[in-house]
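Student: Protein chains in written order, with my numbering: chain A, 3 to 300; chain F, 140 to 496. One structure, pasted below without further comment.
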Amino acid sequence: MTFTPSTPAGAAPADTPLAVRSTGSGRGPRRRRSRFHSASRIAILVIVLGYLILPLFAMLEFSTRGDYGSRSLQSYAAILSNPNLIDGIATSLEVAVLTVLGMLLLLVPTMTWTVIRVPRMRRVVEFLCLLPLAIPAIVLVVGIAPMYRWMGQHLGAFGGSPLTLVFVDIILVLPFAYRAIDAGLRAVDVATLADAARSLGAGWPRTILQVIVPNIRGGILAASVLAVALVLGEYTISSLLSFNTLQVVIFLLGRRDAFVSVAVSLAALMFAFVLLIVIARFGAGSRAEQAAEEEPVR
Amino acid sequence: MTATTAGTATAERAGVAVQFQDLHRWYGKVHALDGLTIDIAPGELVALLGPSGCGKTTALRALGGLDEVDAGRILVDGRDMTHVPANKRGMGIVFQAYSLFPNMTTIDNVGYGLRLRGVGAVDRRKRATEMLELVGLAKQADRYPYQMSGGQQQRVALARALAIEPKVLLLDEPLSALDAKVRRQLREEIRRIQIAVGTTTLFVTHDQEEALALGDRVGVMSAGRLEQIASPTELYDRPRTAFVAEFVGLTNRLRGVADAGAVQILGTRVPLLEGSAGTGPVTALVRPESVKLTPEDGANAHVLAVSFLGSLCRTQVALPDGDLVVAQMAAAEMAGLAPGVAVRVTVAPSPVFAVTG
């Protein structure tokens with residue numbers, strides 16, 4: 003039994019907040035502050051873009067230098083005629099794809115199972131996944147790589163299989179991928195969704211593939227992008243294990259022909275950039291997932 | 140602690156019988172289920188009521204196959220289901236948390252269980268639409284969960300659980316995340332649908348009003364044990380333990396002296412319920428509606444506060460020895476009661492439970 007006084011049409015309610023009713027006073031300083039904020043934002047943007055773009059511009063300028071001050075695309079043309087480079091790109095892509103698949107196969111079921119069945123092990127899994135951050139590359143190569151090399155040789159159809167590198171790279175990407183997938187798992191009530199799916203008749207594989215994975219798609223995508231970026235940029239371990247990945251070939255080229263080396267570096271950067279955009283675009287999520295980020299109905 | 144099956148009200152309904160036989164479950168040192176034994180008749184709705192951590196959800200999850208038990212057996216329609224995995228049990232579950240799959244529309248959610256059973260797309264859509272009509276949400280078929288309110292989501296979850304024609308329907312506090320008005324509406328809807336469908340149902344809640352309103356029988360649990368299971372009226376009027384007497388409904392703790400199966404309280408001799416302390420000083424647990432107040436000049440009790448609750452009125456009274464008593468009566472009977480008014484306090488001679496001390 004509450005009584006709500008009505009307000010005549012057009013009349014301002016008596017309890018209108020002061021901030022809404024106030025006019026004029028304080029507007030000047032606020033506007034000045036707003037201008038200052040806009041100017042600082044633009045300045046920061048210019049500095050950051052300059053920091054990122056200037057080196058790229060310098061690379062472009064250097065790699066297109068021709069004879070006697072002219073401009074030439076000769077260095078870029080040389081990329082396509084270099085068989086080592088093509089092999090390097092193919093190896094890097096192969097390793098990237100296998101690393102992403104291996105990482106997802108290892109992490110998604112493990113982390114989902116941990117969240118649903120053994121939550122107390124979450125910290126242990128997290129610790130194990132973050133461990134590679136603290137292990138220097140040389141330790142990985144000397145300590146773990148011989149075992150993976152042996153596995154690579156026996157699992158792969160051919161002797162010098164890049165599987166060796168894939169196994170090591172999976173370990174390298176674990177810390178970053180773990181964080182991304184963990185964020186995805188925390189965003190939904192995985193345990194309840196899994197219980198609901200199982201009560202409706204789904205076994206564990208279906209529960210994970212049809213219910214959990216679509217709902218942590220964002221986390222899986224982020225983990226995949228990070229893994230691809232890391233693999234395409236990784237040099238130390240590939241070099242120590244004597245695999246001719248893109249980065250290793252670029253380095254070797256740089257010792258012979260600086261112009262081609264810089265052209266390849268720039269092309270590789272652009273390639274990685276486009277690849278990551280394509281992956282992000284490809285897995286941008288369904289209408290439901292995008293809209294679910296909006297305010298839910300109460 | 141074995142309960143009898145429900146009476147004639149549920150005898151004619153469809154559904155299967157469920158039996159919990161001496162269930163035990165430990166979580167470390169916590170004995171979550173301590174010899175739980177319940178028989179549920181086909182088509183009956185049993186509400187398990189108890190405070191947090193009493194084991195009611197553990198019992199429900201054990202029946203649903205979502206948790207294991209350490210000892211005991213669960214029989215459904217006479218078949219031992221104790222170690223059958225959740226996805227083979229054919230139980231429909233509605234959870235406390237919203238559990239619709241966010242990546243699927245309402246109709247896909249409702250049809251998911253049918254899809255797993257190999258039902259074709261046309262039949263699946265038809266059945267899912269029927270279920271959505273049952274819960275009054277057929278028009279929301281193509282919406283995603285985030286586009287619906289909490290109450291609507293729980294209705295869809297109920298439709299999804301019923302779509303697979305479950306042997307048993309398990310409701311794990313499905314209303315607790317909703318506001319009071321929606322909760323009441325949905326509660327009535329659940330009861331209507333359950334009666335219409337006739338599925339044997341186990342409803343778990345910590346809300347006694349919900350349990351008493353919904354259950355054919357209500358089981359009160361404490362520390363993993365079943366304290367009592369009975370019809371709502373029997374549970375309220377004839378509690379068998381002090382825990383049930385105090386947990387279900389409001390009680391006044393009034394001191395008196397017991398002998399020969401009765402206790403003398405505030406000048407009235409009141410019969411004691413079975414299981415009560417029988418002799419000597421006792422504390423009787425008296426319902427507020429059994430306390431009668433009569434305004435009377437010179438009486439040595441006086442009214443402290445009067446709360447108007449719509450059709451009812453609750454009055455707090457201070458006794459001469461300083462003890463407080465709450466009386467509840469129809470609002471029409473509250474005339475003359477106001478803070479400071481002197482009243483005579485008496486107790487109706489209906490049976491009460493008493494504990495020693």
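We put the CB at the ideal spot given by N, CA and C, even for glycine.
Rounded to whole angstroms, what's the CA-CA distance from A/T210 to A/L106? Just pull it up for me.
Tutor: Per the sequence shown, residue 210 of chain A should be read as Ile rather than Thr. Cα to Cα, the separation comes out at about 12 angstroms.
Student: Looking only at DSSP bridge pairs, what is F/V169 linked to?
Tutor: F/V169 pairs with F/Y166.
Student: Please check if any C-beta of chain A sits within less than 8 angstroms of the C-beta of F/P478.
Tutor: Not closer than 8 angstroms to any Cβ of chain A, the Cβ of F/P478 fails to qualify, so no.
Student: Could you name the residues of the region 199-214 of chain A whose beta carbon sits closer than 9 angstroms to any beta carbon of chain F, in the order they occur along the chain?
Tutor: Listed by position, the residues of the region 199-214 of chain A near chain F (Cβ gap below 9 angstroms) are A199, R200, S201, L202, G203, A204, G205, W206, R208, T209, Q212, V213.
Student: Three-state secondary structure (DSSP) at F/F492?
Tutor: Correct three-state label for F/F492: strand.
Student: Closest to F/L188 by CA distance: which of F/F382, F/G211, F/A401, F/A474 is it?
Tutor: The shortest C-alpha separation from F/L188 is found at F/F382.
Student: Return the CA-CA distance between F/F447 and F/P427, expressed in angstroms with no decimal places.
Tutor: Cα to Cα, F/F447 sits roughly 14 angstroms from F/P427.
Student: Taking three-plus beta-carbon pairs below 8 angstroms as touching, is the region 394-401 of chain F in contact with the region 197-204 of chain F?
Tutor: Taking 8 angstroms as the limit for Cβ pairs, the verdict is that the region 197-204 of chain F does not touch the region 394-401 of chain F.
Student: Taking just the CA atoms, how far does F/V387 sit from F/V442?
Tutor: Taking the straight line from one Cα to the other gives about 25 angstroms.
Student: Taking 8 angstroms as the CB-CB limit, is F/F447 close to chain A?
Tutor: It does not; no Cβ of chain A falls within 8 angstroms.
Student: Would A/P121 count as contacting chain F if we go by Cβ distances under 8 angstroms?
Tutor: A/P121 does not count as touching chain F.
Student: With DSSP collapsed to three states, give me the class of F/G192.
Tutor: Three-state result, F/G192: coil.
Student: Should F/N242 be flagged as near chain A, meaning a C-beta pair shorter than 8 angstroms?
Tutor: Yes, its Cβ sits closer than 8 angstroms to a Cβ of chain A.
Student: What first and last residue would you give for the alpha helix (DSSP H) that runs through A/T114?
Tutor: Here the alpha helix (DSSP H) through A/T114 covers 85-118.
Student: So is F/P224 buried or exposed if we call it buried at 16+ other beta carbons inside 10 Å?
Tutor: Looking at its Cβ environment, which holds fewer than 16 other Cβ atoms inside 10 Å, F/P224 is exposed.
Student: Which residue's Cα is closest to the Cα of F/C193: F/A171, F/G182, F/E269?
Tutor: Checked all of F/A171, F/G182, F/E269; the closest Cα to F/C193 is F/A171.
Student: With a Cβ-Cβ cutoff of 8 angstroms, do A/V215 and A/V110 count as a contact?
Tutor: The answer is yes: Cβ separation under 8 angstroms.
Student: Does DSSP put F/K306 in a helix, a strand or coil?
Tutor: It is coil, neither helix nor strand.
Student: A/L254 and A/I91: beta carbons closer than 8 angstroms?
Tutor: For A/L254 and A/I91, no; Cβs fall outside 8 angstroms.
Student: Grouping DSSP H, G and I as helix and E and B as strand, with all else coil, what is F/A487?
Tutor: Residue state, collapsed to three classes: coil.
Student: Could you give the distance in angstroms between the alpha-carbon of F/A440 and the alpha-carbon of F/V482?
Tutor: Using only the alpha carbons, I get a separation of about 5 angstroms.
Student: Only counting the same chain, and skipping five residues up and downstream in sequence, which positions put a Cβ closer than 8 angstroms to that of F/L301?
Tutor: Cβ within range, chain order: G231, M270, L273, L308, I332, V336, T338.
Student: Report yes if the C-beta distance between F/T485 and F/T422 is below 8 angstroms; otherwise report no.
Tutor: No, these two residues do not count as a Cβ contact at 8 angstroms.
Student: Give a yes or no on whether the minimum CB-CB distance between F/A148 and chain A is below 8 angstroms.
Tutor: With a pLDDT of only 41 at F/A148, under 50, the local geometry of the prediction cannot be trusted, and no value is derived from it.
Student: Pick from A/S77, A/A189, A/W206: whose alpha carbon is nearest that of A/R219?
Tutor: The residue with the shortest Cα to Cα distance from A/R219 is A/A189.
Student: Got a sec: which bits of the region 215-231 of chain F sit with their beta carbon under 9 angstroms from any beta carbon on chain A, in order along the chain?
Tutor: So the close ones are P224, A225, N226, K227, R228, G229, M230, G231.
Student: If you draw a straight line from the alpha carbon of F/P371 to that of A/M123, how long is it in whole angstroms?
Tutor: So the two alpha carbons sit approximately 43 angstroms from each other.
Student: Name the DSSP bridge partner or partners of F/P420?
Tutor: In DSSP, F/P420 forms a bridge with F/V396.
Student: Could you tell me the boundaries of the alpha helix (DSSP H) in which F/I246 lies?
Tutor: Counting along the chain, the alpha helix (DSSP H) containing F/I246 begins and ends at 245-255.
Student: Hey, would you say F/L351 sits closer than 8 angstroms to F/R326, going by beta carbons?
Tutor: Cβ distance not < 8 angstroms, so F/L351 and F/R326 don't count as in contact.
Student: Under 8 angstroms: do the region 130-147 of chain A and the region 56-76 of chain A share three or more Cβ pairs, one atom per stretch?
Tutor: No, the region 130-147 of chain A does not touch the region 56-76 of chain A.
Student: Run down chain F in chain order and give the residues with a C-beta less than 7 angstroms from the C-beta of A/T194.
Tutor: Ordered by position in chain F, the residues that pass the 7 angstroms Cβ test against A/T194 are F234, A236, S238.
Student: So the candidates are A/W206, A/A80, A/V143; which of them puts its Cα closest to the Cα of A/D259?
Tutor: Comparing Cα positions, the closest option is A/A80.
Student: List the residues of chain A whose Cβ lies closer than 7 angstroms to the Cβ of F/G203, in chain order.
Tutor: Here the neighbours are S201.
Student: In the DSSP assignment, the beta strand (DSSP E) including F/G211 goes from what residue to what residue?
Tutor: 210-215 is the extent of the beta strand (DSSP E) around F/G211.
Student: Contact check, F/D173 vs F/G363 under 8 angstroms by CB: the rounded distance?
Tutor: Right, their Cβ atoms sit about 4 angstroms apart.
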